Amino acid sequence: MKILLLTFLVSEKEVTVMKTNVLFSNVSTLKVYGDFPLSVSNIFSDSRQVTTDSVFVCIKGYTVDGHRYISSAIEKGASVIVVQDMPEQLVEGICYVHVRDTERALGQLANAFFDFPSTKLRIVGVTGTNGKTTVSSVINNVMRKEGYKTGLSGTIEIDIDGEKFESKNTTSDVLTMQRMLKDMVEAGVTDVVMEVSSHGLVLGRLAGVEFQNGVFTNLTQDHLDFHGTMENYKNAKGLLFAQLGQDMRKDKAAILNVDDAATKDYVQMTGARIITYGIKNEADFKAREIQFFENKTSFVLETNFGEFELEIPFVGEFNVYNILSVICVLWDKGMPFERILNHLRETTPPSGRMQTLETGDKRNVIIDYAHTEDAIGKALDSIRMFSKHKIISIIGTGGGRDKDKRPKMGRIATEKSEYVIFTTDNPLDEPGEEIVQGMAEGAVHENFECIPDREQAIIRAVEIAGEGDVILIAGKGHENYQLIGNESVPFDEKEITLKAVKAFPLTETIPTT
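Heads up: the sequence shown runs through residues 1 to 513, numbered per the UniProt record's numbering.
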């Protein structure tokens with residue numbers, strides 16, 4: 001897998017010269033100081049990457065303010081500076097563009113600089129607390145099997161018609177996003193599926209992106225360190241559906257989970273057509289008579305044009321919701337319905353999403369990205385539906401953020417598991433002992449222990465698991481690293497698990513107390 005450079009580096013051969021009056025034609029300015037140069041060669045929001053005759057946009061971040069680096073940008077050759085706060089001293093020969101919101105201006109500039117790439121693509125945006133990666137990946141896989149030239153932008157990877165790049169964020173920064181969409185257009189891609197995070201929506205990373213479909217999976221507590229309240233979090237997700245209604249000359253559809261309370265608000269926020277899916281309430285696409293098995297789920301799909309039996313190689317009720325949303329998207333795109341169902345019967349989950357690890361013995365290991373109370377509860381419910389054996393859960397959470405969810409994760413894990421090991425997941429600068437204690441405070445039973453070292457936690461779980469037991473390793477999913485301090489440390493929990501299996505052959509169960 002190639003590494004996608006998110007610093008937005010451009011070689012000399014790739015420089016595009018654009019007339020400044022065209023570039024700024026859609027930007028709302030408060031005032032322009034100095035004269036616009038005739039043309040510019042690039043746009044940057046990182047002063048370290050500025051090149052000659054470029055535009056530098058000063059972004060006020062949460063830790064860094066781009067206005068502090070105006071002098072550095074000018075020294076590197078920036079000829080236009082876009083600011084939210086005018087500097088006290090102006091440099092002669094430099095054009096300063098004063099705007100109300102530099103984040104918004106950056107989105108408008110990037111969109112124009114790359115020739116409005118999203119208008120040449122059919123883009124599906126998928127948002128929600130859980131399920132974004134599964135829904136996006138399955139849509140992309142099915143469409144590609146049907147012969148579409150597709151692009152995927154998500155948590156695990158960026159995929160441009162089969163060429164894969166590593167992804168660093170669920171939603172890329174606005175410059176990388178627009179450059180990526182332009183690359184997709186140039187590669188002949190026609191349809192794109194994009195994971196849309198609440199951070200990306202609020203921070204303007206999707207400014208100027210035109211969506212054909214918006215998909216809502218669910219809303220449960222997460223990222224309150226950033227949003228503050230659940231109401232703010234809900235409204236952030238809703239920005240995707242408000243964005244759908246910006247150009248109603250085109251046919252657009254909002255695909256909504258009718259069983260989630262947030263849907264009624266999103267219906268009010270969008271001017272697009274509404275397509276609903278669900279299990280409990282009446283919907284355009286509804287699943288009933290659901291049956292759960294160890295490595296598959298079957299249900300009857302009820303639509304206004306008939307009923308269909310479907311068996312999918314996914315486990316858990318939450319994956320029924322995910323697949324229902326996929327069906328809505330593919331149906332809305334006009335794909336033959338029987339072909340949709342046939343593809344779904346053969347499609348497998350993406351890496352790290354309720355992924356079964358082959359251990360070579362009779363201990364069962366499942367790796368999942370679950371890192372919220374809701375996701376952990378649903379993962380454990382799914383396991384319980386097919387297993388009567390003991391569930392040993394490894395539950396980790398990150399350092400330095402969203403501490404309120406820790407005791408809730410501890411409660412649900414100890415309620416639904418026979419045994420729980422609390423550990424860390426990207427601890428950053430926070431002591432591991434504090435992280436695990438936060439989860440332990442929510443425990444409702446004494447069926448747990450705390451092991452801050454994630455590798456040792458995995459080894460301990462393998463050591464105490466008996467024949468038929470299920471080990472759920474939750475939190476990291478596809479991630480192959482641990483963020484410790486300021487470093488990204490390689491961490492392959494699949495490899496760690498398999499080594500532990502060899503080190504502790506299955507003979508007899510070791511007591512947990």
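Just so you know, even glycine gets a beta-carbon here, dropped at the ideal spot from N, CA and C. All values derive from a computational prediction rather than experimental measurement.
Check: Measure the C-alpha to C-alpha separation of Lys408 and Ile395 and round it to an integer number of angstroms.; Outcome: 12 Å
Check: Excluding the five sequence neighbours on either side, which residues of its own chain have a C-beta within less than 6 Å of the C-beta of Gly398, listed in chain order?; Outcome: Asp425 and Asn426
Check: Output the distance between the C-alpha atoms of Val142 and Thr347, rounded to the nearest integer angstrom.; Outcome: 8 Å
Check: Exposed or buried, what is Asn257 when buried is set at 16 or more other beta-carbons lying within 10 Å of its beta-carbon?; Outcome: buried
Check: Quick check: the Cα distance between Gly334 and Val215, rounded to an integer number of angstroms?; Outcome: 17 Å
Check: Just the Cα atoms here: how many angstroms apart are Ala187 and Lys252?; Outcome: 24 Å
Check: Tell me which same chain residues have a C-beta within less than 6 Å of the C-beta of Phe241, skipping the five on either side of it?; Outcome: Gly214, Ala254, Tyr266, Met269 and Thr270
Check: Examine the Cβ distances between the segment 466 to 486 and the segment 438 to 453 and report whether three or more of them are shorter than 8 Å.; Outcome: no
Check: Taking all protein chains shown into account, decide if Val50 is buried (16 or more other Cβ within 10 angstroms of its Cβ) or exposed.; Outcome: buried
Check: Is the beta carbon of Glu493 sitting closer than 8 Å to the one on Ile464?; Outcome: no
Check: Tell me the residue span of the beta strand (DSSP E) that contains Asn295.; Outcome: Asn295 -> no beta strand (DSSP E), and no H or E assigned at all.
Check: Between which two residues does the alpha helix (DSSP H) harbouring Asp183 extend?; Outcome: Val174 to Glu186
Check: Are the segment 488 to 503 and the segment 430 to 442 touching, with three or more C-beta to C-beta distances below 8 Å?; Outcome: no
Check: Tell me Ile366's beta-bridge partners as DSSP assigns them.; Outcome: Thr356 and Leu472
Check: Output the distance between the C-alpha atoms of Asp404 and Thr414, rounded to the nearest integer angstrom.; Outcome: 17 Å
Check: Contact between the segment 338 to 347 and the segment 374 to 382: three or more CB pairs below 8 Å?; Outcome: no
Check: Quick one: Cα of Met177 to Cα of Asn21, how far?; Outcome: 23 Å
Check: Going by the CB atoms, is the gap between Val83 and Cys95 shorter than 8 Å?; Outcome: no
Check: Which residue comes first and which comes last in the alpha helix (DSSP H) that contains Asn42?; Outcome: Looking at the DSSP string, Asn42 is not in any alpha helix (DSSP H); the run it does join, the beta strand (DSSP E), is Asn42 to Phe44.
Check: Would you mind sorting Thr7 into buried or exposed? The rule is 16 or more other CB atoms within 10 Å of its CB.; Outcome: Any reading at Thr7 must be qualified, since the residue scores a pLDDT of 34, below 50, and its modelled position is unreliable; no value is offered.
Check: Would you list, in sequence order, the uninterrupted beta strand (DSSP E) runs of no fewer than 3 residues that lie entirely inside the UniProt domain "Mur ligase N-terminal catalytic" (40 to 113)?; Outcome: 42 to 44, 54 to 57, 78 to 83 and 95 to 98
Check: Does the Cβ of Val124 have 16 or more other Cβ atoms within 10 Å, making it buried, or fewer, making it exposed?; Outcome: buried
Check: Taking Cβ positions, are His98 and Thr29 nearer each other than 8 Å?; Outcome: yes
Check: Alpha carbons only, please: which of Thr190, Val174 and Thr134 is nearest the one belonging to Ile160?; Outcome: Thr190
Check: For Lys19, which residues in the same chain have their Cβ closer than 6 Å to its Cβ, ignoring the five residues on either side in sequence?; Outcome: Ser39
Check: Phe114: which of Gly61, Leu181, Gly77 and Tyr33 sits nearest, CA to CA?; Outcome: Leu181
Check: What alpha helix (DSSP H) runs, 4 residues minimum, are completely inside the segment 250 to 285?; Outcome: 263 to 269
Check: Answer yes or no: do Thr134 and Thr220 have a C-beta to C-beta separation smaller than 8 Å?; Outcome: no
Check: Any idea which residues DSSP pairs Asn235 with across the strands?; Outcome: BP columns for Asn235 are empty, so no partner.
Check: Rounded to a whole number of angstroms, what is the C-alpha to C-alpha distance between Phe308 and Val196?; Outcome: 30 Å
Check: Given a cut-off of 8 Å, decide if Gln355 and Ala207 are closer than it, judged by their beta-carbon atoms.; Outcome: no
Check: Since residue 535 and Arg384 should fall inside the 8 Å C-beta cutoff, what is the C-beta to C-beta distance between them, to a whole number of angstroms?; Outcome: Given that the chain is displayed from residue 1 to residue 513, the structure contains no residue 535 and the question cannot be resolved.
Check: Quick check: Ile279 and Val320, are their CB atoms within less than 8 Å of each other?; Outcome: yes
Check: By Cβ distance, which residues of its chain are closer than 6 Å to Pro117, with the 5 residues on each side in sequence left out?; Outcome: Leu181, Lys182 and Val185
Check: So, does the CB of Gly477 fall closer than 8 Å to a CB anywhere in chain C?; Outcome: Although the question refers to chain C, the structure presented lacks it and comprises just one protein chain.
Check: Which of the three DSSP states is assigned to Glu302 in this structure?; Outcome: strand
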